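To keep things clear, I will list the structure first and then write my remarks on it.
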Amino acid sequence: MNLSTVPIEIGDRINTRILAVSEDRLQGFQRHPLEEIARQASVELPVVIERIQAMLRSGTIRRVRQTLLATNLAQGALVAWQVPSEKLDAAFDYMFQKDPFSGHVVTRSTDAATPGSNYKLWTTLKVPQSYSMRRHCQFLARQTGAEKFILLPAKRLFALGVGHVRRRGMEPGGKAAVPADVTEVTVTTLNDLEWRILVALKREFEPEEIVPNLWESRAREAGVPLETFYEVAEDFDRRKVIGRFSTFLEHVKPLATGERVTRFNALFHWAVPPGREIETGREV
-17 MNLSTVPIEI
-7 GDRINTRILA
3 VSEDRLQGFQ
13 RHPLEEIARQ
23 ASVELPVVIE
33 RIQAMLRSGT
43 IRRVRQTLLA
53 TNLAQGALVA
63 WQVPSEKLDA
73 AFDYMFQKDP
83 FSGHVVTRST
93 DAATPGSNYK
103 LWTTLKVPQS
113 YSMRRHCQFL
123 ARQTGAEKFI
133 LLPAKRLFAL
143 GVGHVRRRGM
153 EPGGKAAVPA
163 DVTEVTVTTL
173 NDLEWRILVA
183 LKREFEPEEI
193 VPNLWESRAR
203 EAGVPLETFY
213 EVAEDFDRRK
223 VIGRFSTFLE
233 HVKPLATGER
243 VTRFNALFHW
253 AVPPGREIET
263 GREV
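Using our numbering, read the sequence shown as starting at -17 and increasing by one per residue.
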């Protein structure tokens, strides 16, 4: 099929079947992730490859990659910043463009006046081992004029599905059959070989890299035999260093097709009875 005629709409019947699997159904490390997508979606492998390539080129899919559980590789936290309104845009730009340790930089509003309403700038922070998150935040506050900040480090992680396409068919109030898995945050130390393989493993895939055995080139990049690459990646999985193999949809801007994946999103803070945090987290 000519590339210009390959359907790229998320509403296309075959694309919907592929995306319902590829967004969040491939947990951990898969030796043959595209074959697994094909199997679960009941779509032939060449078609899966063709469709993912086309959706990635068009921007329907924003990226394809193996995710990491970065909280288990270095200290990290969600950070709330109180910044004077006249400095908010400049602070956003600084965090987004100039700080290599900050990510997911967003400005937020609240439904009502609450004790946290003044914290309109939110970021994630990840610092190398032996660095101090608090000292780095103090540095950022001086650079941006932030008046206060609150560090909110994760204590537990809950395996949450992000299947935008799959969830479209859920009824209001619907939920998964079983509660989410919970993982304790524990920083893991890697050796030089493991870091080399991890860097190759996590890099986003270009459209032309979406091929049947997509890890062969990554093993060459890391300078190791393919079987060694597999063994180390599977050990990462056992050590809770990696998350899932996933296609990420463009869920903020309208797609080239005019479709929107989502229209609204929000960060929720939950007050729960002491001692029931983990139970609640698994349900939410």
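Every residue, glycine too, gets a C-beta built ideally from N, C-alpha and C. Note that this is a predicted model, so its numbers are computed, not measured.
Considering only DSSP beta bridges, list what residue i is partnered with.
i	result
W63	L103, F131
L139	T165
Q57	V109
Q9	R226
V46	T229
Alpha carbon to alpha carbon, how far is residue i from residue j?
i	j	result
T277	P28	Because the chain spans -17 through 266 in this model, residue 277 falls outside it and cannot be assessed.
R202	R226	22 Å
H146	N173	Any answer about H146 is weak, because its pLDDT of 47 lies below 50 and its placement is not dependable; what the coordinates show is given next. Cα to Cα, the separation comes out at about 36 Å.
D163	R200	29 Å
R(-1)	I31	13 Å
F140	V3	19 Å
V65	N100	8 Å
E191	W197	9 Å
E26	G(-7)	19 Å
Q125	H251	28 Å
A204	P255	48 Å
I43	R33	10 Å
If the criterion is Cβ atoms closer than 8 Å, does the pair residue i and residue j meet it?
i	j	result
T210	L55	no
V160	I179	no
A62	F131	yes
L134	L60	yes
L38	P194	no
R47	R185	yes
T98	T105	The identity of residue 98 in the sequence shown is Gly, whereas the question assumes Thr. Taking 8 Å as the Cβ cut-off, G98 and T105 do not qualify as a contacting pair.
A20	I(-10)	no
On the DSSP letters alone, give me the boundaries of the beta strand (DSSP E) that residue i sits inside.
i	result
L51	Element bounds for L51: n/a, residue is neither H nor E.
V87	84 to 89
Thinking just about the alpha-carbon of each residue, which of the options is nearest to the one in residue i?
i	options	result
G85	A52, K157, R116	A52
L107	V25, W252, A136, A36	A136
Q12	V25, D(-6), T49, E(-9)	T49
M77	C119, Q111, V214	C119
Between which two residues does the alpha helix (DSSP H) containing residue i stretch?
i	result
E32	27 to 40
H118	115 to 126
I(-10)	Note, I(-10): premise wrong, no alpha helix (DSSP H); not H, not E.
F329	Shown here, the chain extends from -17 to 266; a query on residue 329 therefore has no answer.
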